[in-house]
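Single-structure report; data block below.
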Amino acid sequence: MKRKAAGKNMTTALRDEARYLMNTYRRPAAVFVHGKGCYLYDERGRKYLDFLGGIAVNALGYSHPRIVKTIRCEAARAIHLSNLFHNPYQGPLARKLAEWSGLDRVFFTNSGTEAIEGALKIARAHAKARAKNGRAAATRVLALTNSFHGRTFGSLAITYPAKYREPFAPLMPGADFVRFNDVADLEAKFDPGVCAIVLETIQGEGGIYPVSEAFWNRARELASANHAALIADEIQCGLGRTGRAFAYQKFASLPDIVTVAKPLAAGLPLGAVLANEEFASALVPGMHGTTFGGGPLICATALEALEIIEDEKLMKNVRERGQEIRAALEKMALDFDFIREVRGEGLIIGLDLSVEGAPFVEEALKRGLVINCTHEHILRFLPPFVVRPAQVKEFVTRLKLVFAKTPRPKSIEAKDSANADTSTVKTSRATAAVAAPLQTELPLETR
Ligand SMILES: Cc1ncc(COP(=O)(O)O)c(C=O)c1O
210 MKRKAAGKNM
220 TTALRDEARY
230 LMNTYRRPAA
240 VFVHGKGCYL
250 YDERGRKYLD
260 FLGGIAVNAL
270 GYSHPRIVKT
280 IRCEAARAIH
290 LSNLFHNPYQ
300 GPLARKLAEW
310 SGLDRVFFTN
320 SGTEAIEGAL
330 KIARAHAKAR
340 AKNGRAAATR
350 VLALTNSFHG
360 RTFGSLAITY
370 PAKYREPFAP
380 LMPGADFVRF
390 NDVADLEAKF
400 DPGVCAIVLE
410 TIQGEGGIYP
420 VSEAFWNRAR
430 ELASANHAAL
440 IADEIQCGLG
450 RTGRAFAYQK
460 FASLPDIVTV
470 AKPLAAGLPL
480 GAVLANEEFA
490 SALVPGMHGT
500 TFGGGPLICA
510 TALEALEIIE
520 DEKLMKNVRE
530 RGQEIRAALE
540 KMALDFDFIR
550 EVRGEGLIIG
560 LDLSVEGAPF
570 VEEALKRGLV
580 INCTHEHILR
590 FLPPFVVRPA
600 QVKEFVTRLK
610 LVFAKTPRPK
620 SIEAKDSANA
630 DTSTVKTSRA
640 TAAVAAPLQT
650 ELPLETR
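The sequence shown begins at 210 in our numbering and counts up one residue at a time.
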């Protein structure tokens with residue numbers, strides 16, 4: 210049966226959505242039907258510059274010809290083979306991830322949250338295997354305030370905002386939160402009962418806050434001294450997004466376990482847990498598994514995606530375009546007094562505002578720019594790695610226009626800043642209330 214062309218029957222599709230979907234997302238009116246490079250197109254053919262990239266998933270933009278070719282080719286061969294059998298791509302993909310990360314072994318999952326669950330299980334199993342002579346195994350898991358690790362019960366237990374956790378309590382027992390980048394609090398909470406400390410090397414949903422070198426180093430020391438796992442959640446900040454393969458590679462030491470997902474298979478759902486030999490060896494056949502994780506089509510696509518990042522030297526592009534964007538945002542902070550701070554590196558960038566961000570996100574969409582706001586006042590930019598200098602310029606022009614044309618949103622108290630007391634570089638304080646009105650209006654382009 211041939212599917213109706215997307216966009217033909219949108220009214221019915223949206224009516225069905227309202228009637229039959231569970232009520233979990235508030236969505237804007239636009240319906241995107243296809244994309245090319247860094248641009249999305251809605252059902253009326255209007256063009257949008259995408260600086261959200263499917264929330265850090267679409268690192269290669271849309272319709273990359275090598276990805277399209279790989280999916281076509283593999284779909285015609287074998288979409289799925291059970292994990293009871295070998296497939297040709299899991300090994301080479303695991304090897305590539307081991308080479309990129311400095312870790313030894315890989316388990317493939319279907320999502321980020323499942324990678325976190327796998328990491329927690331490995332840490333618990335490792336602690337259990339070490340507990341001898343009837344001694345209780347370490348089971349406590351430390352995480353950081355302002356964290357986000359996913360929506361399943363283990364991941365939720367180590368996700369900080371109460372709004373995500375409380376409706377579903379009780380969650381996994383043994384989780385405790387350390388104040389973000391607070392070494393003294395880390396030392397106070399770390400004891401031999403801890404089997405893992407989990408941290409996002411750069412907090413993503415939390416508003417783009419990097420873990421400090423001092424905190425990382427102490428977490429590494431304490432984890433090693435207590436035979437606990439240092440788990441780096443790089444689901445949002447990993448696989449090239451900072452301009453390095455992994456964000457933690459700016460530190461001198463490695464984590465024991467790393468989780469990845471979002472951009473791994475260029476938009477197809479694939480995550481992975483990576484571990485060093487010591488922690489990986491806690492798993493033996495039968496202890497952990499998945500039906501879908503790591504199928505041939507998805508692994509072939511992921512392998513192609515990582516090779517594209519290498520072949521097209523995209524990490525260099527990430528570093529260069531990231532610098533351009535941050536420099537432009539710092540400049541913008543001189544014109545718009547509601548810009549509090551620019552954070553991030555590479556193409557994971559947060560713009561901390563003293564006013565609500567949602568009105569800007571809505572206005573941006575009307576003006577052909579897709580961005581996102583987290584924690585109510587932090588605009589988040591996660592453009593594809595393939596973004597070009599001209600598109601950075603277009604982004605800056607469109608964002609300036611959005612800031613100038615949106616009626617000033619409601620103020621946010623300084624104490625609401627998620628990690629307000631952490632030391633990150635502040636931008637120079639802006640003075641003018643609102644920028645001088647821009648002369649040009651940028652129309653929405655139509656295909
Ligand atoms: C750092 C981090 N960890 C875990 C997750 C959960 O991933 P998923 O939504 O694929 O389960 C996310 C998702 O946003 C994330 O950003």
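All residues carry an ideal CB built from backbone N, CA and C; glycine is no exception.
Task: Local conformation of Thr510 per DSSP, three classes - done: In the three-state reduction of the DSSP assignment, Thr510 falls in the helix class, which pools H, G and I.
Open item on the list: Can you tell me whether Tyr229 is buried or exposed? The criterion is at least 16 other CB atoms within 10 Å of its CB, across all chains shown.
Closed with: Burial call: exposed.
- [ ] Use the C-beta contact count for Ala371: other C-beta atoms within 10 angstroms, 16 or more gives buried, fewer gives exposed.
- [x] Counting other Cβ atoms within 10 Å of its Cβ, Ala371 stays below 16 and is therefore classed as exposed.
Open item on the list: Here's the rule I'm using: 16 or more other beta-carbon atoms within 10 Å means buried, otherwise exposed. How should Thr500 be labelled?
Closed with: Around the beta carbon of Thr500, a 10 Å sphere encloses fewer than 16 other beta carbons of the protein chains shown; the residue is thus reported as exposed.
TODO: Just the C-alpha distance for Pro379 and Gly300, rounded to the nearest angstrom, thanks.
DONE: Cα-Cα distance, rounded: 38 Å.
Task: Closest by C-alpha distance to Thr279, when choosing among Gly476, Lys575, Gly495 - done: With distances taken between CA atoms, Thr279 lies nearest to Gly476 out of Gly476, Lys575, Gly495.
Task: Residues that DSSP places opposite His243 in a beta bridge - done: Within the DSSP secondary-structure output, His243 pairs in a beta bridge with Tyr250.
Task: Backbone CA spacing between Pro316 and Ile558 [nearest angstrom] - done: Note on identity: in this sequence residue 316 is Phe, with Pro being the wrong assignment. Roughly 29 Å between the two C-alpha positions.
Open item on the list: Suppose the cutoff is 7 Å on Cβ atoms and the five residues either side in sequence are ignored; what does the same chain contact list for Arg349 look like?
Closed with: Counting only Cβ-Cβ distances below 7 Å, and skipping sequence neighbours, we find Gly383, Asp385, Gly402, Val403, Cys404.
Open item on the list: Measuring CB atoms only, is the segment 305-319 touching the segment 478-485, in the sense that at least three cross pairs come out at less than 8 Å?
Closed with: These segments touch.
TODO: Could you spell out where the beta strand (DSSP E) holding Ile288 opens and where it closes?
DONE: Run containing Ile288: none; DSSP gives neither H nor E here.
Open item on the list: Check this for me: beta carbons of Lys337 and Ala328, under 8 Å apart or not?
Closed with: Cβ atoms of Lys337 and Ala328: not closer than 8 Å.
Open item on the list: Suppose you measure from the CA of Thr633 to the CA of Glu516; what does that come to, to the nearest Å?
Closed with: Interpretation of Thr633 is limited by its pLDDT of 38, a score under 50 that renders its predicted location unreliable; no figure is taken from the coordinates.
Task: Boundaries of the beta strand (DSSP E) in which Leu408 is found, first to last residue - done: For Leu408, the enclosing beta strand (DSSP E) starts and ends at 403-409.
TODO: Compare the C-alpha of Gly449 against each of Leu306, Met231, His243 and name the closest.
DONE: Scanning Leu306, Met231, His243 for the CA closest to the CA of Gly449 turns up Leu306.
- [ ] Go ahead and pull the three-state DSSP assignment for Tyr271.
- [x] Of the three classes helix, strand and coil, the one that applies to Tyr271 here is strand, per DSSP.
Open item on the list: I want to know whether the segment 288-297 touches the segment 520-540 - three or more CB-CB distances under 8 Å.
Closed with: The segment 288-297 vs the segment 520-540: no contact.
Task: Identity of the residues DSSP links to Cys582 by a beta bridge - done: For Cys582, which the question treats as bridged, DSSP gives the partners Leu588.
Task: Whole-angstrom distance between Gly359 and Glu409, CA atom to CA atom - done: Going by C-alpha positions, Glu409 is about 12 Å away from Gly359.
- [ ] Could you please give me the residues that DSSP links to Tyr257 through a beta bridge?
- [x] Under DSSP, Tyr257 takes part in a beta bridge, and its partners are Leu249.
- [ ] Please classify Arg429: does DSSP put it in a helix, a strand, or coil?
- [x] Three-state DSSP puts Arg429 in a helix.
TODO: State buried or exposed for Asp630, treating a residue as buried only when at least 16 other CB atoms are found within 10 Å of its CB.
DONE: Residue confidence for Asp630 is low, a pLDDT of 45 falling below 50, so the modelled location carries little weight; the figure read from the coordinates is stated next. Its Cβ having fewer than 16 others within 10 Å, Asp630 is exposed.
Task: As assigned by DSSP and simplified to three states, the class of Leu230 - done: Of the three classes helix, strand and coil, the one that applies to Leu230 here is coil, per DSSP.
- [ ] Check Leu351 in the structure and name its three-state DSSP category.
- [x] In this structure, DSSP gives Leu351 an extended state, which the three-state scheme calls strand.
Task: Test item, CB below 5 Å from any non-hydrogen atom of ligand 1 - done: Those satisfying the condition are, in chain order, Ser320, Gly321, Thr322, His358, Gly359, Glu409, Gly413, Asp442, Ile444, Gln445, Ala470.
TODO: Below 6 Å CB to CB, which residues in the same chain sit around Lys635 once its five sequence neighbours on both sides are set aside?
DONE: Note that Lys635 scores a pLDDT of 40, beneath 50, so its modelled location is shaky; the value from the coordinates is reported in the next line. For Lys635, same chain residues with a beta-carbon under 6 Å away, outside a window of 5 residues either side, are Glu550 in chain order.
TODO: Kindly list the residues whose CB is nearer than 7 Å to the CB of Tyr298, restricted to its own chain and excluding five residues on each side of it in sequence; keep chain order.
DONE: Taken in chain order, the residues that qualify are Pro505, Cys508, Ala509, Leu512.
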